[in-house]
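As structure tokens, the structure follows; a few thoughts come after it.
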Amino acid sequence: MGLSLTNKILQSHLIKGNLMPGEEIAVKIDRTLTQDATGTMAYLQFEAIGIPKVKTDLSVSYIDHNTLQTGFENADDHKFLQTVAAKYGILYSKAGNGICHQVNLERFGVPGKTLLGSDSHTPTAGGVAMIAIGAGGLDVAVAMGGGSFYMPAPKVIFVSLSGKLPEWVSAKDIILELLRRLTVKGGVGKVFEYGGEGIRNLTVPERAVITNMGAELGATTSIFPSDERTLEFLKAEGRADDYAPLSADANAAYDEVIDINLSTLEPMVAKPHMPDNVVKVKDLKDTKVDQVAIGSCTNSSYADLMTVAAVLKGKKVHPDVSLVISPGSKQVYEMIAKNGALAELISSGARILEATCGPCIGMGQSPKSGAVSLRTFNRNFEGRSGTKDAGIYLVSPQTAAASALTGTITDPRTLGKAPEIKMPEKFHIDDSMILSPSTDPDGVSVYRGPNIKPLPVKEKLPETISGKVLLKVGDNITTDHIMPAGSKILPLRSNIPAISKYVFESVDPAFSERALKEKGGFIVGGENYGQGSSREHAALAPMYLGVKAVIAKSFARIHFANLINFGILPLIFDNPADYDKIAQGDVLEASVILKELNEKKPLTFINKTKNEEYKIKYNLTDRQIKIIKEGGLLNETKNYA
Ligand code: MIC
Ligand code: SF4
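In our numbering, the protein residues as written are 4 to 644.
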């Protein structure tokens, strides 16, 4: 049997292990990306590791999340990041140059390379046949220092696309259909590899919509082959030399096959508050809409915005709708400005924002109370927009534009003939907002504003751990629940004592105080605990509050790794019925934890409140157990630096 494209690339980067699904492998990382909200911590960690220059082929630091600058914090952090980049050999993409994943695709996507990014939507680059994986900042810091990236070898799922998308139906509808079928935990431990004759008609930016939102399936990553469409895109970006054809062997073996006939798809929408809560747009027709937001790393490409402009041309946004648009990059922005499309958008009544994440991460444009907000984004978790009781609906740019005109959720197919948007033969190329590192790194001193606080450290794991169950939560808890984002909290990303006050704020505002008062304790969770973003703050801040272990039914990939990196035990109920027996406030104790870990035995937890005993499993490799025993990866890495 031949190899899938995924396994070909992984094989050529394999440092340790075998490509047997579930077995831990170590992979060489060619390139890294960071963004400002996770980057400050990643670079503080990189500095702590103590290496003078990054060892990757290319590392880029983007400013795209924390750009509201309502106080000094974000601007200070940007300066920190700029000076760190100059000193340690990293490219620096200034605020305004665009969203990391869009700019990365345009300027740095190269087929066959590996990319590790401190952002969960790093797999966007799978649209140009990269193995691009999201991870916590500390894993990215280690990769910048030349260390391998450890992960379980994935199952590879072949998604066979046949047929052709009908008019008004878009790449977004393909991934929404997959989310409908597989749910937000359907991709855990898997890579989705796309193929079939249906991919021939999908451009690179369309493919990138699909790989981007593979993150919402919980997938390790998603990938398309490198073919004529890839060459066409790279040529238009002036990078034809980066092209290499890449595909799976004809007789490649896959762990599963999923068929989607594109010709049968319709416009889809994910209803509040989960990206897998997907129905047909026509089923929600006539629902009144308050806000429409177009942009984010999912749907902010040139073709997306040209489509929106074509739909809105000569028309006006409905009086009850606030339409906001954020282009994905300076490249896209400048092109639509030069060709007049931006004028059409402005004339229709759209409010135009910077080329940043913006409303996607609650950085402004929070909708009104109880609003219906249609967004072309990838996540609709409760409260993420900044308005707790708003309902966020995830749609394609076509559906968003149609609904902005009518004021109700509208199937774009009701608008008549769809506009035909052509990919430009040449994109506008101007990399002047990407700054090169200094030629005199010793002469650069790193700027540290007062918002940058030292990294908290954790002590080694003791023989006995005990404490109260500080919180018990249900299934699919997101990192937005654990460590919320938004314009108020995001500026505190480099100040762990300050940000830790907001842990679980939307679930239980008293959590942080209680955790500190009790000197830490445990969290009990359901299935897919920690899904969503890569933010390691969802582990780092609970660590600061003294959380010793999270006992859940199952975990999402990135959060699982982040918990280990910060010395918090991610434990799994051996008997899921034990989940029901434990209540918030119960006192738990594991008295011989080191001994049991050393002997690879299940852990014995005594519930002192209920006088019960539970056997608790863990799915940890020797390497991971060592990290936990040391109190986290940074302690462990420093031992060897
Ligand atoms: C997100 O979409 O939630 C973010 C903000 O981009 C995060 C990273 C972060 O929390 O800084 C992600 O997806 O990893
Ligand atoms: Fe930015 Fe939103 Fe994409 Fe996260 S999902 S990188 S916040 S645009």
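Cβ coordinates follow ideal geometry from the N, Cα and C atoms, glycine included.
Computed from a predicted structure; not experimentally measured.
- Listed by position in the chain, the residues whose beta carbon lies within less than 5 Å of some heavy atom of the ligand MIC are 40, 41, 122, 123, 364, 536, 537 and 538.
- Within the same chain, 109, 239, 240, 241, 305, 334 and 338 come within 8 Å of residue 430 by CB-CB distance, once the 5 residues on both sides are set aside.
- In summary, residue 184 is exposed, with fewer than 16 beta-carbon neighbours lying within 10 Å of its beta-carbon over all protein chains present.
- Runs of alpha helix (DSSP H) with 4 or more residues, each lying fully within the region 315–387, are found at 333–341 and 344–351, listed in chain order.
- Just so you know, the alpha carbons of residue 395 and residue 343 end up roughly 30 Å apart.
- In the DSSP assignment, residue 214 falls within the unbroken alpha helix (DSSP H) covering 207–216.
- Minimum Cα-Cα distance from residue 34 among the listed residues 568, 120 and 207 corresponds to 120.
- Here DSSP, grouped into helix, strand and coil, assigns residue 269 to coil.
- In chain order, 306, 309 and 310 place their CB closer than 6 Å to the CB of residue 424, counting only its own chain and leaving out the 5 sequence neighbours on each side.
- In terms of Cβ geometry, residue 407 and residue 353 form a close pair [threshold 9 Å].
- Between the region 82–92 and the region 16–23 there are fewer than three inter-stretch CB-CB distances shorter than 8 Å, so the stretches are not counted as touching.
- Residue 295 is bridged by DSSP to 326 and 377.
- Contact between residue 172 and residue 270 holds: their C-beta atoms lie close to 6 Å from each other, under 8 Å.
- Under the DSSP assignment, residue 62 falls in the beta strand (DSSP E) whose first and last residues are 61–65.
- Nearest to residue 403 by C-alpha distance, out of 320, 504 and 367, is 320.
- Runs of the alpha helix (DSSP H) lying entirely within the region 138–187, each at least 4 residues long, are 140–147 and 174–185 in chain order.
- Judged by beta-carbon spacing, residue 195 lies within the 9 Å limit of residue 181, meaning their Cβ atoms are closer than that value.
- Taking the Cα positions, residue 40 is about 11 Å away from residue 76.
- Not a single heavy atom of the ligand SF4 lies less than 8 Å from the C-beta of residue 540.
- Within 10 angstroms of the beta-carbon of residue 18 lie fewer than 16 other beta-carbons, which makes it exposed.
- Residues 325, 370, 374 and 376 of the same chain have their beta carbon placed closer than 6 Å to that of residue 294, with the five preceding and five following residues left out of the count.
- One thing to note: residue 272 has its Cβ no nearer than 9 Å to the Cβ of residue 296.
- If only uninterrupted alpha helix (DSSP H) runs of at least 4 residues are considered, those enclosed by the region 492–567 are 499–502, 514–520 and 540–547.
- Rounded to whole angstroms, the separation of the alpha carbons of residue 526 and residue 575 is 12 Å.
- Per DSSP, the unbroken beta strand (DSSP E) holding residue 620 starts and ends at 615–620.
- Around residue 253, the same chain offers 5 as residues with beta carbons nearer than 7 Å, after the five sequence neighbours per side are excluded.
- With a threshold of 8 Å, the Cβ atom of residue 382 counts as near the ligand SF4, since some heavy atom of the ligand is closer than that.
- Around the beta carbon of residue 259, fewer than 16 other beta carbons lie within 10 angstroms, which makes this residue exposed.
- By the Cβ rule, the region 95–115 counts as touching the region 62–74, because three or more pairs are nearer than 8 Å.
- Look at residue 26 here: in three-state DSSP terms it is coil, with no helix or strand label.
- In the pairwise beta carbon analysis, the region 533–542 is classified as not touching the region 584–598: fewer than three pairs are separated by under 8 Å.
- Between residue 130 and residue 30, the C-beta gap is not smaller than 9 Å, which leaves the two residues out of contact.
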